[in-house]
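A.B. asks:
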Amino acid sequence: MYQQINRNKRNTVFFLIVFIGLILVASYFIGYLIDPAASFTFAIIAFVIAAIGVFYSYYNSDKVILKMANARPVSKAQEPYLYHTIEGVAIAAGIPTPKAYVIETDVPNAFATGRNPENGVVAVTRGLMDRLNREELEGVIAHEMAHIKNYDILYSSIVIVLAGTLVYLAEFGTRSMLFRRGGGGNNKGNAAMLIIGVVTIILAPILARLVQMAVSRSREYLADATAARMIGYPKGLSSALRKIAEASNPEKAKKDGFASEATASLFIVNPLMKPSQLSHLLSTHPPIDRRIAALDKM
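In the UniProt record's numbering, the protein residues as written are 1 to 298.
1) Taking the alpha-carbon positions, what's the Ile91 to His84 distance?
2) For Pro271 and Ala259, which I take to be in contact (beta-carbon distance under 8 angstroms), what is that distance rounded to the nearest angstrom?
3) Out of Ser61, Val102, Tyr155 and Asn150, which one is the CA nearest neighbour of Leu128?
4) Is there contact between the segment 131-140 and the segment 219-233, where contact requires at least three CB pairs shorter than 8 angstroms?
5) Is it right to say Glu171 is buried, meaning 16 or more other beta carbons lie within 10 angstroms of its own, or is it exposed?
6) I need the boundaries of the alpha helix (DSSP H) containing Ala146, first residue and last residue.
7) Would you call the CB atoms of Val269 and Leu241 closer than 8 angstroms?
8) Within the present structure, is the beta-carbon of Thr284 separated from the nearest heavy atom of the ligand MN by less than 7 angstroms?
9) Could you name the residues that DSSP lists as bridge partners for Phe267?
10) Taking the alpha-carbon of Gly94 as reference, which of Gly120, Ala77 and Phe111 has the nearest alpha-carbon?
11) Check Thr125 in the structure and name its three-state DSSP category.
12) Just mark Gly114 as buried or exposed, buried being the case when its beta carbon has 16 or more other beta carbons within 10 Å.
13) Below 7 angstroms CB to CB, which residues in the same chain sit around Pro250 once its five sequence neighbours on both sides are set aside?
14) Whose C-beta lies closer than 7 angstroms to the C-beta of Ile86 among residues of the same chain, with five residues either side of it excluded?
15) Taking 7 angstroms as the limit between beta carbons, can you name the residues of its chain near Gly185, skipping five residues before and five after?
Shown next as structure tokens:
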């Protein structure tokens with residue numbers, strides 16, 4: 001279990017370094033297309049803008065996410081069973097008790113937000129509380145608290161902003177290429193750099209998506225493993241994942257308004273995707289059967 005946790009942490013750091021490298025390389029070559037003498041400066045500016053975006057997202061994303069998911073805060077008097085479960089798992093996790101939010105839909109799911117353990121929030125659907133037994137609910141809550149404890153909200157904020165930066169750079173580079181072409185600035189001496197620039201523009205959004213998926217999947221495996229260690233029985237979480245996946249209903253999730261493409265990656269199971277779909281190949285979540293298999297080996 002500890003080896004798996006350490007491996008997932010190393011993978012996350014590696015992919016974030018790759019992400020930053022992609023931004024620097026892409027911005028350098030796009031800057032070269034605009035003005036060869038200013039390519040390095042352009043790369044630095046792009047990196048600084050991305051850093052500002054990460055900072056803003058980190059401090060404001062939780063409010064936006066909770067509103068988008070139609071989640072409402074609940075008190076201990078309103079939801080004593082949920083609160084007692086959260087309090088018990090928080091003690092095991094060694095973090096302050098997160099605030100509790102409920103989403104009124106019968107589709108079972110959950111997510112966590114909050115920039116650090118002191119500002120943590122756990123949001124669950126009504127369907128999750130109705131379908132899961134105590135051990136399964138504890139497993140799900142532990143998974144979400146693992147995200148909070150492991151600072152996954154920070155990681156996800158960084159990844160989302162970096163991915164958006166790469167996509168923006170690609171669009172900006174395309175426009176720059178058209179402008180440069182119209183100005184007749186090409187010459188044979190710049191041919192190699194222009195080719196590299198074009199390839200970078202084409203590949204940047206694709207690579208951004210692939211790295212984003214890799215980081216997210218790594219954090220999901222890490223949260224599963226951390227949750228299993230936290231509460232001491234992986235079977236509760238694996239059983240919960242199976243029930244959530246079986247009850248997945250993308251059409252109902254969209255109709256109830258709690259899930260969208262912008263928030264789907266935050267949930268413990270992607271609410272917009274059925275487990276059997278081949279689109280899991282392009283999902284930010286690992287396949288459910290692999291997550292269950294990993295938990296069953298612990």
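Every residue gets a Cβ at the ideal spot worked out from N, C-alpha and C, and that includes glycine.
C.D. replies: With the structure as the only source:
1) Within the sequence shown, the letter at position 91 stands for residue 91. Within the sequence shown, the letter at position 84 stands for residue 84. Looking at the two C-alpha atoms, the distance is approximately 11 angstroms.
2) The count along the sequence shown starts at 1 and reaches residue 271 at position 271. The count along the sequence shown starts at 1 and reaches residue 259 at position 259. Their Cβ separation, rounded to whole angstroms, is 4 angstroms, which keeps Pro271 and Ala259 in contact under 8 angstroms.
3) In the sequence shown, the residue the question calls residue 128 occupies position 128. Cα-wise, what sits closest to Leu128 is Val102.
4) yes
5) For this step, residue 171 is matched to residue 171 along the sequence shown. That one is exposed.
6) In the sequence shown, the residue the question calls residue 146 occupies position 146. Taken as a continuous stretch (DSSP letters only), the alpha helix (DSSP H) holding Ala146 covers Arg134 to Lys149.
7) Residue numbering aside, residue 269 sits at position 269 when the sequence shown is read from its first letter. Residue numbering aside, residue 241 sits at position 241 when the sequence shown is read from its first letter. Going by C-beta atoms, Val269 is nearer than 8 angstroms to Leu241.
8) Ligands in the displayed structure: none, and consequently the ligand MN is not present.
9) Along the sequence shown, one-based indexing puts residue 267 at 267. Per DSSP, Phe111.
10) Along the sequence shown, one-based indexing puts residue 94 at 94. When only C-alpha atoms are compared, the closest one is Gly120.
11) Residue 125 sits at position 125 when you count from the first residue of the sequence shown. Strand, per DSSP.
12) Taking the first residue of the sequence shown as position 1, residue 114 is located at position 114. Flag for Gly114 reads buried.
13) Here the question's residue 250 lines up with position 250 in the sequence shown. Answer for Pro250: Pro271, Leu272, Met273 and Lys274, listed in chain order.
14) Position 86 of the sequence shown, counted from the first residue, corresponds to residue 86. For Ile86, where only same-chain residues beyond five positions count, the Cβ hits under 7 angstroms are Thr97, Pro98, Ala100, Val122 and Ile141.
15) Translated into the one-based positions of the sequence shown, residue 185 becomes position 185. For Gly185, the predicted structure reports a pLDDT of 49, less than 50, and the residue's modelled location is therefore unreliable. A value from the coordinates is still provided. Hits under 7 angstroms: none found.
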